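A quick write-up on the structure given underneath.
In the numbering used here, the protein residues as written are 14 to 636.
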């Protein structure tokens, strides 16, 4: 039986810690949360010398004197206050060789814990390329702990590091340490670095020249806006072929089930409730993967820190810091990963304020609803150049959501979340070309987490919706056309009863019971609004897309002579969707991130009220 060794990987953000973890563990690494808190944990294991090494990649931290949830978790794990009281057998401290002065004060904190510690210096190739030189033997003697130099993205030094990990018991413990006070630790770091530096690191001319542009108060904003344009273009356009492919696969799978299995409720549930329900999640995997790939790429390249610095001037008006924009940016693909990204925000008030407004960002799940309604009721008339009324309307909905997020964040920060702000500090790393392998591994793990968290909620919601639309059972005469029989079933279902019960609330917005049923379906996932309406209107989507559905919305009903929707009710529905929290996945993740039902209920209430007021105003102005 192999011996288990528990090691903790510690270091500051941008130190190369994640790249090193991926190089050591590969696909064996798993991402989850620490028990009782919503901070990412990455766990990996591998075997060497008949020993099973368990490696925990702790959140990036600048100090063990925690001011953020991430830093608090790092300190607790090292003390043995988490993970069931397991104390790491050894600590692997990761530091960027080009910015060693920023890591040494925290290293002193770690060494005071008294556990066997190994220092891993990353970016040693970049240090040499920029003319810097450190006497590693003298540094090892000064610190009293072993040192290994690596280049994680090229695999250099990894084999040597692996061989040393099982020998943690032989790692020396530092004895010549400074006092724990902050000033003493920084003075000690300066003295150590001055003594071991043979040649000082020359300033990167490339970094300085690029920063003159990217950090410029005017040009930097222009570049950032161009970055956002690229970001949105990629998310909403580049992923389309893969999304269509995934959608086709799920449609074919559902059609195959219906064609080859005996006709029964179980078959209908499998095809419509489960396969198409899960497909609603899977179809957005390309967007989620592309979102995280771009975030990780720009993060590792060094630009994301600059973008946060530039945006801090804008976010400051709302009482938020620059790091909050990353979460809001992520929410434009999906609010779930956007809210999860708030974990890195040090201030609990800023984190909560960002969570409370993140759903205002126009997520990709709203796009099918926007596209159908705009194509049905907004003329495709050219306004100027390439701009049309339809395009400007879509842009206006995006802008409205973003502006509303900033305004409500400002209100919360000046009201119930009022308090002293934490200082905004941000490391600006040198520009680097990221490791594509490391980015790929991180994307894989994020997508896996997204499917596990969001997929389960949507699956349950889809099954519930199917039951509501198909019960109680209504038997139509045998000579009745299938579409008419289906319509009769829907009109006498539990879902229809719910829609009629909602009419007193939503009639002032121009919504009838069928739209109300669509709103019920959208709680499972916003994109289910369209598929729910298609079922309610007894419309068969035989082409695998929404072609023809927009015309159906304006076509008079043969029984009533009235169209399902009017221009005014469409405007009201568009505005309602901008503000309403119609997403069970978002509700679930807010509950998990805040560890309370108080805030998701508050969000459902205030966003619902805002959605109703906006829809009411829009309906009456558009009549």
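In this text, a Cβ means the ideal position worked out from N, Cα and C, and glycines have one as well. In this text, all values refer to a predicted model and were calculated from it rather than measured experimentally.
Check	Outcome
What span of residues does the beta strand (DSSP E) with residue 135 cover, start to end?	130–135
Just checking, does the region 519–539 make contact with the region 344–364 on the three C-beta pairs under 8 Å criterion?	no
What does the alpha-carbon distance come out to for the pair residue 593 and residue 148?	60 Å
Tell me whether residue 631 is buried or exposed, calling it buried when 16 or more other Cβ atoms sit within 10 Å of its Cβ.	buried
According to DSSP, which residues form a beta bridge with residue 106?	23, 132
Have a look at residue 39 and residue 461 and give me their C-alpha separation to the nearest angstrom.	15 Å
When the Cα atoms are used, what is the spatial distance from residue 602 to residue 477?	20 Å
Helix, strand or coil: which one does DSSP assign to residue 164?	strand
In or out: residue 344 buried (at least 16 other Cβ within 10 Å) or exposed?	buried
Are at least three pairs of beta-carbons, each pair with one atom in the region 100–109 and one in the region 188–207, less than 8 Å apart?	no
Between which two residues does the alpha helix (DSSP H) holding residue 598 run?	597–607
Look at the alpha carbon of residue 556 and the alpha carbon of residue 262, and state the distance between them as a whole number of angstroms.	Bear in mind that the predicted position of residue 556 carries a pLDDT of just 44, short of 50, making it unreliable; the figure below should be weighed with that in mind. Near 13 Å, if we compare the C-alpha coordinates of residue 262 and residue 556.
According to the Cβ coordinates, are residue 489 and residue 498 closer than 8 Å?	yes
So the candidates are 211, 223, 25, 18; which of them puts its Cα closest to the Cα of residue 115?	25
Roughly how many angstroms separate the alpha carbons of residue 137 and residue 109, rounded to a whole number?	8 Å
Exposed or buried, residue 560, counting other C-beta atoms within 10 Å across all chains shown (16 or more means buried)?	Reliability of the predicted coordinates at residue 560 is poor, the pLDDT of 41 falling under 50, and the value obtained from them is presented with this limitation in mind. Result: exposed.
Report the rounded CA-to-CA distance for residue 554 versus residue 389, giving the unit in angstroms.	Because the pLDDT at residue 554 is just 45, under 50, the model does not fix this residue reliably, and the value given afterwards should be weighed accordingly. In a straight line, the C-alpha of residue 554 is about 16 Å away from that of residue 389.
Take every Cβ of the region 478–487, pair it with every Cβ of the region 155–170, and state whether three or more of those distances are shorter than 8 Å.	no
Taking residue 367 as the reference, give the member of 391, 230, 341, 380 with the closest Cα.	341
For residue 610, count the other beta carbons within 10 Å of its own beta carbon; 16 or more makes it buried, fewer makes it exposed. Which is it?	exposed
Assuming residue 313 and residue 452 make a contact with CB atoms under 8 Å, what is their CB distance in whole Å?	7 Å
Can you say whether residue 122 is buried or exposed, counting buried as having 16 or more other CB atoms within 10 angstroms of its CB?	buried
For residue 501, which residues of its own chain have a beta-carbon under 8 Å away from its beta-carbon, when the five flanking residues on both sides are left out?	487, 489, 493
Can you grab the Cα-Cα spacing for the pair residue 154 / residue 67, in whole Å?	28 Å
Below 8 Å, how does it come out for the region 191–211 and the region 300–308: are there three or more Cβ pairs, yes or no?	no
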